[in-house]
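Peer 1: Heads up, the sequence shown stops at 541 in this note's numbering, and the numbers go up one at a time, no gaps.
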Amino acid sequence: MAIGTHQTNRAAYAESAAHNEMHIPAGCSISGATEYKLTVVVVPTRNRTDIAKSAIRSVLDQPGCDVRVMVSDNSTEPAQLHELEEYCAQLDDPRLRYVRPPQQLSMPAHWDWAINQALRSYDANHFLYLTDRMMFKPMALKEVLDLASLYPEKIVSYNHDRIMDDRQPIRVEQCPHTGRVLEVKTLRLSYLYSQSVFLPVLPRMLNCVVPRSVFDRIQQRFGNVFTSIAPDFLFCCRCLEMEDSILFYDKSPIFHYALSRSHGASASRGEITSPDYVDFLANLPVDNASRNYATPIPQLVTAANAIANEYLIFKRETQSPRFFEIDLQKYLRANADEINEVTDPRLKAEMLALLQVHGWKDATNGLGPDRSPRAIARKLLSPRAVLDKVRWLARDDALKPFWLLLARRFGVSPPSYSRFEFDRLDDAISFMKEFQPRELRRFPSKVELLEPRVLPRAAEHKGG
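1. In the DSSP output, which residue or residues are listed as bridge partners for D238?
2. Y326 by DSSP, collapsed to three states: which one?
3. Residues in its own chain within less than 7 Å of A225 by CB, not counting five upstream and five downstream?
4. Spatial neighbours of R265 within its chain, please: CB distance less than 6 Å, with the 5 preceding and 5 following residues excluded, ordered by chain position.
5. Could you tell me how far apart the beta carbons of S271 and D404 are, in whole angstroms, since I believe they sit closer than 8 Å?
6. Please name the residue or residues paired with K262 in a DSSP beta bridge.
7. What number of angstroms, rounded off, separates the C-alpha of A103 from the C-alpha of F299?
8. Does DSSP classify R145 as helix, strand or coil?
9. Does the separation of the CB atoms of C313 and Y494 fall below 9 Å?
10. Beta-carbon within less than 6 Å of R530's beta-carbon, same chain only, minus the 5 sequence neighbours each way: which residues are those?
11. Hey, which unbroken runs of the beta strand (DSSP E) at 3 residues or more fall wholly within the stretch 181 to 214?
12. Below 8 Å, can you find three or more Cβ-Cβ pairs linking the stretch 424 to 431 to the stretch 287 to 297?
13. Do you know how far the Cα of I247 is from the Cα of D504?
14. How about A201 and I331: are their beta carbons less than 9 Å apart?
15. State yes or no: is the C-beta of T122 within less than 9 Å of the C-beta of L168?
16. In three-state terms, what does DSSP make of T116?
17. How far does the beta strand (DSSP E) with I295 in it reach, from first residue to last?
18. Out of curiosity, what's the CA-to-CA distance linking R239 and V120?
19. Around the C-beta of H187, are 16 or more other C-beta atoms found within 10 angstroms, so that it is buried, or is it exposed?
20. Give the DSSP-derived three-state secondary structure of C285 in the structure shown.
21. Which residues in the same chain have their Cβ closer than 7 Å to the Cβ of R393, if we skip the five residues on either side of it in sequence?
22. Please work out which residues of its chain come closer than 7 Å, Cβ to Cβ, to K130, disregarding the five sequence neighbours upstream and downstream, and give them in chain order.
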C-alpha cells in the first residue's frame, strides 16, 4: 500500500476539488422541494439497560418535539432484555416502540437490522441514532429537528460533549462552539480524513440526522447501510463518497458518558479485558489479528487505527478518486497520541516500539521542537503563552463555585474545557444539562480547517 506525502495529497485534493466542483449528488433537490415529515430516534443497546433508560428519557422529555423513538435491544442477558422491555411498556408512551432482533447480532449487523426496521416501520423521512451511552441535553433536540426541517435534503451532523467518568475525580469536557450552521464539502472532509484529522463534523450516524433518501441511495449501491467492524466510520466513508456536501451544526446537543462501558474507550486505554470489549471482540466478523488489515500497522489496537482502516478499505474497494493516500507521519502521530493514554506500561511500550519501527519520530527521538533553554523561555514568556496560562487558571476546579455563582445569578457561561471535578456522576450530568459554554464569535482553528460556508439557522431563516 502506497502512503502519500502531504505535498502530494494537497495537489491531489486541489485536482479532485476542481473535478468535483459541479457535482450534484443524486437525490438532492436544487429547488429544495423535499419536505420534512418526521424524525425517528433509534436507540441501539446491548446489556446496558440502566443507561439505556436515561437515553430514552432524554428524548421523550424534550418539549416541542414531534419524534418517534425506537429502542432496538440486542442484549444477550435475559434479565436485561426483560427489564428494558418492561420499562418501555410501563412508560406507556405512544411515541415509543421496543423491538429486538430475532437472534443476537454483532454490533454492525444490529445497526443494519435496526435501521431497516425503522425505515420499514415509520412514515418518516429523517432518522438519527442515539446510543445508550448518550443523552440529549434539555431543549437541544428541537434545535436539531428545526435544522432538519429547514434543510430536509441534507445530512446535518453535530458535535458532542463528554463526561470522563472512567476515572476519579469525574470531569466534564464541553467543546467550544459558535452555534452556526456550516455547509462543508465532503471532498474536504475526505482529504482531512486522509491526514488523520478526525473532526466531529464527520457524519457517523450517531452524531447526525439523516434523510431517508441517503439510506435509499446507500442501499441501492452497497446492498446494506451498516457493515464492517466500525459501522459508524464505514457509514461516514459512504457519505463522503455519495454526498457533495453536508451541514454541520457547530454545537453539542448531546453528550456521552459511561466510558468504562465503551469498548472503543477501553481499547484506547489498553484495557482489553473489560467485559464490553471482550463481548465486542467475540462478535467481530473477522478475527482480531486481521481486523485492521488495510492499515500500515495492522497489529495496533487503537481507535485511530480502526478509523484509518475503514477509510483505506473503502478507498481500495471503490477505487474512488474522492479518497486520498494517507499521510504516514500524521497517521503515526494520531496513533501515538492515543497510545500515550494507555494505562498498561508493557502494552504502551510495545505499541510505541511498533510505531518507531515504521518511522515514527517524536520529541524524544529526533523530530521534536527546539528544547533549548532559550527557546523554552521565549515560548513561556510570549504574550500568547501568558494569555493561555490565564485561561488555564480560570478553568481550574477551585474556581467552580465562583463560575456556578456567576452562571446562576448573572447568566455568565462557565468556560469550555474546564477542569471542574465531581465526586458523583449525577452531579456531572446535572452540570452538563444545566450549563452551556458561551458561543464564540470566531471559529476555533479546527473548524477553520473545514473551509465552510455559513448558512442561516432556522430562527434566522424564519425571521425573514
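Built from N, CA and C at the ideal position, the CB exists for glycine as well. Bear in mind that the values here come from a model prediction, so they are computed numbers and not experimental data.
Peer 2: Reading from the atomic positions:
1. F332
2. strand
3. Excluding residues within five positions, the ones whose Cβ falls inside 7 Å are Y113, T116, H203, V233 and V286.
4. Correct list, in chain order: E528.
5. Between S271 and D404 the beta-carbon gap is near 7 Å, inside 8 Å, which marks them as a contact.
6. Its beta-bridge partners are S322.
7. Unreliable positioning characterises A103 in this predicted model, as indicated by a pLDDT of 38, which lies under 50. A coordinate reading is not provided.
8. strand
9. no
10. E260
11. 203 to 206 and 211 to 213
12. no
13. 9 Å
14. no
15. no
16. strand
17. Run containing I295: none in the beta strand (DSSP E); it sits in the alpha helix (DSSP H), R289 to F299.
18. 18 Å
19. buried
20. strand
21. Excluding the 5 residues flanking it on each side, R393 has same chain C-beta neighbours closer than 7 Å at A371, in chain order.
22. The residues are Y164.
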